[in-house]
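J.: My questions will all concern the structure given below.
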Amino acid sequence: MTVDISVKIGNLELKNPVMTASGTFGYGEEYAEFLDLSRLGAVVVKGLSLMPKEGNPPPRIVETASGMLNAIGLQNIGIERFISEKLPFLRTYDTQIIVNFFGDSLEEYIAAAERLSTVDGIHGLEMNISCPNKQAGWCIFGTDPGVTSQVVGAVRKATRLPLIVKLSPNVTDIALMAKAAANAGADALSVINTLTGMAIDIGTRKPKLANRTGGLSGPAIKPVALRMVYEVYKAVDVPIIGMGGIMNAEDALEFIIAGASAIAVGTANFIHPTVSIDIIDGITAFLAQEHIADINSLRGTAHAG
Amino acid sequence: MIEVNKGTDPLLKRAFSLFRKTGDGLQILYRVRGKGTGILRNMKEGTSLDMLGPLGNFYPLPSEDQTPLIIAGGIGIASVFSLIERLAGKAIVFYGARTQDDLLMLKEVREYAHDVIVSTDDGSAGKKGTAAETLRSFLPSYASSPAQFCIYACGPYPLLKALSQTTKEYRIRAYVSMEEHMACGIGACLGCVVKTHDGYKRVCKEGPVMTATEIVW
Chain A
0 MTVDISVKIG NLELKNPVMT ASGTFGYGEE YAEFLDLSRL GAVVVKGLSL
50 MPKEGNPPPR IVETASGMLN AIGLQNIGIE RFISEKLPFL RTYDTQIIVN
100 FFGDSLEEYI AAAERLSTVD GIHGLEMNIS CPNKQAGWCI FGTDPGVTSQ
150 VVGAVRKATR LPLIVKLSPN VTDIALMAKA AANAGADALS VINTLTGMAI
200 DIGTRKPKLA NRTGGLSGPA IKPVALRMVY EVYKAVDVPI IGMGGIMNAE
250 DALEFIIAGA SAIAVGTANF IHPTVSIDII DGITAFLAQE HIADINSLRG
300 TAHAG
Chain B
0 MIEVNKGTDP LLKRAFSLFR KTGDGLQILY RVRGKGTGIL RNMKEGTSLD
50 MLGPLGNFYP LPSEDQTPLI IAGGIGIASV FSLIERLAGK AIVFYGARTQ
100 DDLLMLKEVR EYAHDVIVST DDGSAGKKGT AAETLRSFLP SYASSPAQFC
150 IYACGPYPLL KALSQTTKEY RIRAYVSMEE HMACGIGACL GCVVKTHDGY
200 KRVCKEGPVM TATEIVW
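Just so you know, the protein sequences line up as chains A and B, in that order.
Here the first sequence stands for residues 0 to 304, numbered as in numbering that gives the first Met the number 0.
Here the second sequence stands for residues 0 to 216, numbered as in numbering that gives the first Met the number 0.
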């Protein structure tokens, strides 16, 4: 049986629902020797800022039970170097290229979105709103619905590219944040970013990460991510890209059944560079086995009845 | 990078040095320290493992007229062993460990090295002290011609740091193999960086071997 696994994220057409999660796939080229990037639904590159960012001092990562904490500190080469050095290579592949970006002020978000929108070969933008807002001093853009609405609304005006907003799970009510982003003009939502966590060395009695706290990812967070996708699906009409601890096709299918239109593979890329391909093949095999002709009819089925 | 289990705890592959090439494969030398190496130790003979590699760079070989000095601290011997082997009788090895029992593969090291200067933290074998200290007491007699040496080192961070001070003083070129927590091993996660005078560099990609002078110790 032939099955259709193509999906749409706003105006963006994906040949299959498997994307790479920002920050776990470098700029794509790191993985090109292991897999054919053209097989992916989309490549989401490491978060970029207007100016290059050096990142945090090491140790930057620590392994935890069924997961890992990272505090890379958004190290990146900056938008200009990405455009001149990395994008030409990525464009040689037949996949959707989505650029994740962030700023530490409203102005930086707008300027970054404007610049990225002038370049051929970028098919969509993903906004990271889980970074500290320097102007407000204490708050994270993505943990206050008012601030989320303001920054997403401003970026919406600055770009005509499909705009995906990546939500932080470090909030009391993810549905509230999802509504704020969707109402402000987001075309789709990535659910979820990492959960803030910590690990301590009992010998030195200090946090293991130089940054003290870091973002928890991996299978440990999957149940939380899945619950949040389920809640966001109930709250908004925009497509959801589900992510958080996806290791195999079964995990990916759980997210689709919870309401995700597409999924992103993150930490699993570190362990098996070709895992995304296995997941695409696994989804196809499952649909055939279940006699489901179109993946879109599986989406959100956990909500039925 | 070696996968030690099919489950999710531990989650990541483990980074190991390639210890030695054999006729039909390669060997890894490891010390049991945590969860991953604990699993490896209890593994049955004949078990197959997923492996990604070889990754990263290797020690650049010395020029014809240079004498290679190799500094190994503890299990750091695993990283430099194949170099000692390749330099077939040319290298002077400063091999230090905590105790006599921690001097793994000493017989084999002696076989391939020109000379081995052993030291232990507790004095149970060789001189009492670290390999960086024995190197430090070796160098003064050659202080007039430091360029005849090329240094290679792998061991704990404090050892490499102490060594880098010595080699800076004597102006000897030194290559050190760095270590950091690693997730992907292919340059994507940016987890394993060390600070250099040219910004953060990835141990898995630009390393693990770097020059002692480029590191911000």
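All C-beta atoms in this analysis are idealised placements derived from N, C-alpha and C, irrespective of residue type, glycine included.
In its own chain, which residues sit with a C-beta less than 7 Å from the C-beta of A/GLU230, not counting the 5 before and 5 after it?
T.: ILE173, ALA174
J.: Counting C-beta neighbours from all protein chains within 10 Å, is the total for A/SER296 16 or more, i.e. buried, or is it exposed?
T.: Here A/SER296 is exposed, its C-beta having fewer than 16 other C-beta atoms within 10 Å.
J.: Using three-state DSSP, classify A/ILE199 as helix, strand or coil.
T.: strand
J.: My output table needs one value for A/GLU62: the three-state DSSP class, helix, strand or coil.
T.: strand
J.: Give the DSSP bridge partners of A/ASP293, in chain order.
T.: A/ASP3
J.: Along the chain, where does the beta strand (DSSP E) that runs through A/ASN15 open and close?
T.: Counting along the chain, A/ASN15 falls outside any beta strand (DSSP E), and DSSP gives it neither H nor E.
J.: If you draw a straight line from the alpha carbon of B/LEU68 to that of B/LYS43, how long is it in whole angstroms?
T.: 38 Å
J.: Run the CB neighbour count on A/MET0, radius 10 Å, all protein chains shown included, and call it buried at 16 or more, exposed below.
T.: That one is exposed.
J.: Can you check DSSP and say which residues form a bridge with B/VAL79?
T.: B/VAL79 is not bridged to any residue.
J.: Along chain B, which residues have their Cβ under 9 Å away from the Cβ of A/PHE24?
T.: ALA187
J.: Between which residues of its own chain and A/GLY102 is the CB-CB distance below 6 Å, once the five residues before and five after are set aside?
T.: Excluding its 5 nearest sequence neighbours in each direction, A/GLY102 has C-beta neighbours in its own chain below 6 Å: TYR108, ALA111, listed in chain order.
J.: Can you pull the chain B residues whose beta carbon is under 7 Å from the beta carbon of A/VAL61, in chain order?
T.: HIS180
J.: When the Cα of A/PRO144 is compared with those of A/ILE128, A/GLY40, A/VAL42, A/ARG159, which residue comes out closest?
T.: A/ILE128
J.: Should A/ASN75 be labelled buried (16 or more other beta-carbon atoms within 10 Å of its own) or exposed?
T.: By the neighbour-count criterion, in which 16 or more other beta carbons inside 10 Å mark a residue as buried, A/ASN75 falls on the buried side.
J.: Report back the beta-carbon spacing between A/SER216 and A/ASN182 to the nearest angstrom; my notes put them in contact at under 8 Å.
T.: Here A/SER216 is actually not in contact with A/ASN182; their C-beta atoms are around 28 Å apart, not less than 8 Å.
J.: Mind reading off the beta-carbon distance from A/LYS233 to A/HIS302? Whole number of angstroms is fine, and I expect it under 8 Å.
T.: 7 Å
J.: Does DSSP classify A/ALA263 as helix, strand or coil?
T.: strand
J.: Tell me, which residues are paired with A/ALA41 by DSSP?
T.: A/MET18, A/GLN95
J.: Closest to A/LYS165 by C-alpha separation, out of A/GLY27, A/LEU188, A/VAL150, A/ILE96, would be which residue?
T.: A/LEU188
J.: For A/ILE163, which option in A/ASP3, A/ALA20, A/PRO218 has the closest C-alpha, if you only look at C-alpha atoms?
T.: Of A/ASP3, A/ALA20, A/PRO218, the residue nearest in Cα terms is A/ALA20.
J.: Alpha carbon to alpha carbon, how far is B/LYS89 from A/ILE78? Give it in angstroms, no decimals.
T.: 49 Å
J.: Between A/ILE255 and the rest of its own chain, which residues show a CB-CB distance below 6 Å, the 5 nearest in sequence each way excluded?
T.: LEU297, ARG298
J.: Determine, for B/VAL79, whether the minimum Cβ-Cβ distance to residues of chain A falls below 8 Å.
T.: no
J.: Assuming A/ALA267 and A/MET242 are in contact, meaning their beta carbons sit under 8 Å apart, how far apart are those beta carbons, in whole angstroms?
T.: Not a contact, Cβ separation roughly 10 Å.
J.: Given this structure, state the Cα-to-Cα distance separating B/PRO155 from B/HIS180, to the nearest angstrom.
T.: 14 Å
J.: Less than 7 Å between C-beta atoms, sequence neighbours within five positions excluded: which residues of the same chain meet that for A/VAL150?
T.: Within the same chain, and ignoring the five residues on either side of A/VAL150 in sequence, the residues whose Cβ sits closer than 7 Å to its Cβ are LEU105, TYR108, ILE128, PHE140.
J.: Whose Cβ in chain B lies nearer than 8 Å to the Cβ of A/PRO168?
T.: Under the 8 Å cutoff, chain B gives no residues; its nearest Cβ is about 19 Å from A/PRO168.
J.: Could you please give the first and the last residue of the uninterrupted beta strand (DSSP E) stretch that includes B/PRO67?
T.: 66-72
J.: Would a check of beta-carbon distances place A/MET50 closer than 8 Å to chain B?
T.: no
J.: Kindly indicate if chain A contains any beta-carbon less than 8 Å away from that of B/LYS167.
T.: no
J.: What would DSSP say about A/ALA177, mapped onto helix, strand or coil?
T.: Looking at A/ALA177 - three-state DSSP - the assignment turns out to be helix.
J.: Could you check whether the Cβ of B/PRO157 sits closer than 8 Å to any Cβ belonging to chain A?
T.: no
J.: Please report the distance separating the alpha-carbon of B/LYS126 from that of B/LEU48.
T.: 40 Å
J.: Looking only at its chain, what residues have a beta carbon closer than 7 Å to the beta carbon of B/PHE15, apart from the 5 residues adjacent to it on each side?
T.: ILE1, ILE27, TYR29
J.: Less than 6 Å between C-beta atoms, sequence neighbours within five positions excluded: which residues of the same chain meet that for A/ASP186?
T.: GLY9, PRO161, LEU162
J.: Using 8 Å as the cut-off, can you tell me whether the region 177-193 of chain B makes contact with the region 91-111 of chain B, which would need three or more C-beta pairs spanning the two stretches below that distance?
T.: no
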